[in-house]
Amino acid sequence: MGKKKDKGELVTREEMQAVSPFEEMDRYFETFFRNPFAMLSSPLMPVPKMEGLNPSVDIYEDGNEVVVKAELPGINKDDLNVTITENSLTISGEKKQEEKVDKKDYHRIERRYGSFTRSFRLPEDVNGDKAKASFKDGVLEIRLPRTKESKQKKIAID
Numbered sequence: 001m002g003k004k005k006d007k008g009e010l011v012t013r014e015e016m017q018a019v020s021p022f023e024e025m026d027r028y029f030e031t032f033f034r035n036p037f038a039m040l041s042s043p044l045m046p047v048p049k050m051e052g053l054n055p056s057v058d059i060y061e062d063g064n065e066v067v068v069k070a071e072l073p074g075i076n077k078d079d080l081n082v083t084i085t086e087n088s089l090t091i092s093g094e095k096k097q098e099e100k101v102d103k104k105d106y107h108r109i110e111r112r113y114g115s116f117t118r119s120f121r122l123p124e125d126v127n128g129d130k131a132k133a134s135f136k137d138g139v140l141e142i143r144l145p146r147t148k149e150s151k152q153k154k155i156a157i158d
């Protein structure tokens, strides 16, 4: 690269030169061996994302209930599992989606498959035996009633 400074300029301007593919590969190898995991976040080497397989989940209190809402677009009710064990709630499922286009000039089939599992710790005063779940328009809603007795105890500070 050639450096060029005009009269009256405060900053030196460097003119870009074309880089050969071999120089570019050498630079990638040097970067990799200095810090092998740095390239994972590089825009030139994107990490594949599992889009749509890790559902967004909201957990909040509504009166005497704990409500868990999970967005699960494109997943069928039959492909979902909800389990409660002691103080944890687990939502798991599998997404099977196939799009088929048949036109006069071309034929295309796209398939997306994948599974997910999300687990959450529940408060101790939740009654899992009386939990209710509903699934509508791609949103799973689980309502867990709280028990009257809470194991939480206030301690006086001296």
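Heads up: the sequence shown runs through residues 1 to 158, numbered per the numbering used here. All C-beta atoms, glycine included, are put in the ideal place defined by N, C-alpha and C.
Just confirm the distance between the C-beta atoms of residue i and residue j, as a whole number of angstroms; I'd bet it's less than 8 Å.
i: residue 88; j: residue 134; result: 20 Å between Cβ atoms; not a contact.
i: residue 122; j: residue 91; result: The Cβ separation is near 12 Å, so there is no contact.
Is it buried or exposed for residue i, if we count other Cβ within 10 angstroms and need 16 for buried?
i: residue 157; result: exposed
i: residue 155; result: exposed
i: residue 66; result: buried
i: residue 46; result: At residue 46 the pLDDT is 44, less than 50, meaning the model places this residue with poor confidence; the figure from the coordinates comes in the next sentence. Result: exposed.
i: residue 103; result: exposed
One question on the structure: do residue i and residue j come within less than 7 Å of each other, judged by their Cβ atoms?
i: residue 64; j: residue 143; result: no
i: residue 110; j: residue 94; result: no
i: residue 69; j: residue 58; result: yes
i: residue 97; j: residue 74; result: yes
i: residue 55; j: residue 71; result: yes
i: residue 112; j: residue 101; result: no
Check whether the Cβ of residue i sits closer than 6 Å to any heavy atom of the ligand GDP, and report yes or no.
i: residue 134; result: The ligand GDP is not part of this structure, which contains no ligands at all.
Next on the checklist: Pairs of beta-carbons, one from the segment 127-135 and one from the segment 73-85, closer than 8 Å: are there three or more?
Outcome noted: Counting Cβ pairs under 8 Å, three or more are found: they touch.
Next on the checklist: In chain order, what are the residue ranges of uninterrupted beta strand (DSSP E) at least 3 long that sit wholly in the segment 77-109?
Outcome noted: Fully enclosed beta strand (DSSP E) runs of 3 or longer: 80-85, 88-102.
Checklist entry - At which residue ranges does the segment 111-137 contain complete beta strand (DSSP E) runs of 3 or more residues, listed in the order of the chain? => result 132-136
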